[in-house]
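K.L.:
As given, the protein sequences belong to chains Y and G, one line each in that order. When the letters of the first sequence are read in order and numbered with numbering that gives the first Met the number 0, they come out as residues 0 to 120. When the letters of the second sequence are read in order and numbered with numbering that gives the first Met the number 0, they come out as residues 0 to 120. Dumping the structure here so I can ask a few things about it.
2 protein chains.
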Amino acid sequence: MLNVEQKIKIFKALGNETRFLIFKNVFTGGYACSIDEKKPKEDIIAQATCVTTIAEHFDFALPTISRHLKELKDANIIKMTKKSNKIYIEPNPEIIQELASCFTTLVDNYTDTTFQFDNTK
Amino acid sequence: MLNVEQKIKIFKALGNETRFLIFKNVFTGGYACSIDEKKPKEDIIAQATCVTTIAEHFDFALPTISRHLKELKDANIIKMTKKSNKIYIEPNPEIIQELASCFTTLVDNYTDTTFQFDNTK
DNA sequence: AATTTATTTAGCTAATTTGCTAAATTGATT
DNA sequence: AATCAATTTAGCAAATTAGCTAAATAAATT
Numbered sequence: 000m001l002n003v004e005q006k007i008k009i010f011k012a013l014g015n016e017t018r019f020l021i022f023k024n025v026f027t028g029g030y031a032c033s034i035d036e037k038k039p040k041e042d043i044i045a046q047a048t049c050v051t052t053i054a055e056h057f058d059f060a061l062p063t064i065s066r067h068l069k070e071l072k073d074a075n076i077i078k079m080t081k082k083s084n085k086i087y088i089e090p091n092p093e094i095i096q097e098l099a100s101c102f103t104t105l106v107d108n109y110t111d112t113t114f115q116f117d118n119t120k
Numbered sequence: 000m001l002n003v004e005q006k007i008k009i010f011k012a013l014g015n016e017t018r019f020l021i022f023k024n025v026f027t028g029g030y031a032c033s034i035d036e037k038k039p040k041e042d043i044i045a046q047a048t049c050v051t052t053i054a055e056h057f058d059f060a061l062p063t064i065s066r067h068l069k070e071l072k073d074a075n076i077i078k079m080t081k082k083s084n085k086i087y088i089e090p091n092p093e094i095i096q097e098l099a100s101c102f103t104t105l106v107d108n109y110t111d112t113t114f115q116f117d118n119t120k
């Protein structure tokens, strides 16, 4: 389960336009540079991409994008795996699914309480 | 449906510890109960969540909390209703539910695509 | 060994955010 | 009308964030 600190870190990470777009595109495969250029049989990471490829989609300097990616990684939103001298970026669906669950639970609990109040009518 | 701009605004709003805690407590009823407009007893209103009540839970000055609340309201996370000279704060479950759905959809789409890729093995 | 490629780190500036206090506003009460 | 209570606005300072370029690092290629 995500603690408060982790959640805030995630929100902070996604509360910046550039980082949000990176996150979104990494998740939806918007960059479409897959790791499987050699062998499809290998344990390939679908929709993986590298730092330079992502940076090409923005008007910001490479180091800026690198720092943004680090923040997304620190928030556990994406995974970065070094392979030779490239770093492959993939989404971390587990953490996002957990976040979604948190929200749903929160809303469900709230509506339950509201319903309870409404019973007095 | 939430557009990108709205989503970023929500994340920005929740990416600050104070605002996140306010949001969390407003949702879980940590401060007090919401206004029950249907009930004729106006006594309830005296205990409902208002700006001052929330501010009492923090070591920050009242105007600071007021500004944080404005940001949460602008992000559509909470509702603020003026009644006489008090402002009552309630959560906005719809927007949070929508956000949860966005995440779930994103994850679902991702896992679908991954599965498709794995089929080539 | 030297060069190239991919990425990060360092150090800097500008912009934004977050806090404060004081003053203004709005509605209720005396 | 004067005062009180709840809240916001204004204006300011400190802290943080987001951008840049230049330099450093690490692995691959020549």
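Glycine included, C-beta positions come from ideal geometry on N, C-alpha and C.
(1) To be precise: take each residue of the stretch 90–107 of chain G, compare its Cβ to all Cβ atoms of chain Y, and keep it if any distance is under 7 Å. Which residues remain?
(2) What did DSSP end up calling T48 of chain G once you bin it into helix, strand or coil?
(3) Quick check: what's the CA-CA separation for K8 of chain Y versus N24 of chain G?
(4) Just tell me which of Y:F26, Y:F10 and Y:T17 has its CA closest to the CA of I88 of chain Y.
(5) Would T110 of chain G be called buried (16 or more neighbouring beta carbons within 10 Å of its own) or exposed?
(6) For E70 of chain G, which residues of its own chain have a beta-carbon under 7 Å away from its beta-carbon, when the five flanking residues on both sides are left out?
(7) Which residues, in chain order, does the stretch 55–76 of chain Y contribute to contact with chain G at a C-beta distance below 9 Å?
(8) Would you list the residues sitting across from I77 of chain G in a DSSP beta bridge?
(9) Tell me which same chain residues have a C-beta within less than 6 Å of the C-beta of S65 of chain G, skipping the five on either side of it?
(10) Cα separation between T103 of chain Y and T104 of chain G?
(11) Considering only C-alpha positions, which residue in the set Y:T63, Y:V3 and Y:K6 is nearest to L21 of chain Y?
(12) Pull the bridge partners of K85 of chain Y from the DSSP assignment, please.
(13) Does L1 of chain Y have its Cβ less than 9 Å from a Cβ in chain G?
(14) Going by the beta-carbon positions, is the gap between I76 of chain G and I94 of chain G smaller than 9 Å?
(15) Who are the near neighbours of L1 of chain G in its chain, counting only those whose CB is closer than 6 Å to its CB and skipping five residues on each side?
(16) By DSSP, does H56 of chain G sit in helix, in strand, or in coil?
(17) Can you list the residues of chain G that Y109 of chain Y reaches, using a CB-CB cut of under 9 Å?
(18) Give me the chain Y residues within the contact set of T17 of chain G, using Cβ-Cβ distance strictly less than 8 Å, ordered along the chain.
(19) When burial is assigned at 16 or more other CB atoms within 10 Å of the CB, is A159 of chain Y buried or exposed?
(20) Quick one: grab the DSSP three-state call for L61 of chain Y.
(21) Can you tell me whether T48 of chain Y is buried or exposed, with buried defined as 16 or more other CB within 10 angstroms of its CB?
P.N.:
On the basis of the coordinates in this document:
(1) P90, P92, I95, Q96, L98, A99, F102, T103, L105 and V106
(2) coil
(3) 18 Å
(4) Y:F26
(5) exposed
(6) A12 and R18
(7) none
(8) G:P90
(9) V50
(10) 13 Å
(11) Strictly speaking, residue 21 of chain Y in this sequence is Ile, with Leu absent from that position. The option with the nearest alpha carbon to I21 of chain Y is Y:T63.
(12) Y:K82
(13) no
(14) yes
(15) E97
(16) coil
(17) F26, T27, G28, P90, P92 and I95
(18) Under the 8 Å cutoff, chain Y gives no residues; its nearest Cβ is about 10 Å from T17 of chain G.
(19) In the structure as shown, chain Y begins at 0 and stops at 120. Residue 159 of chain Y is therefore absent and cannot be evaluated.
(20) helix
(21) buried
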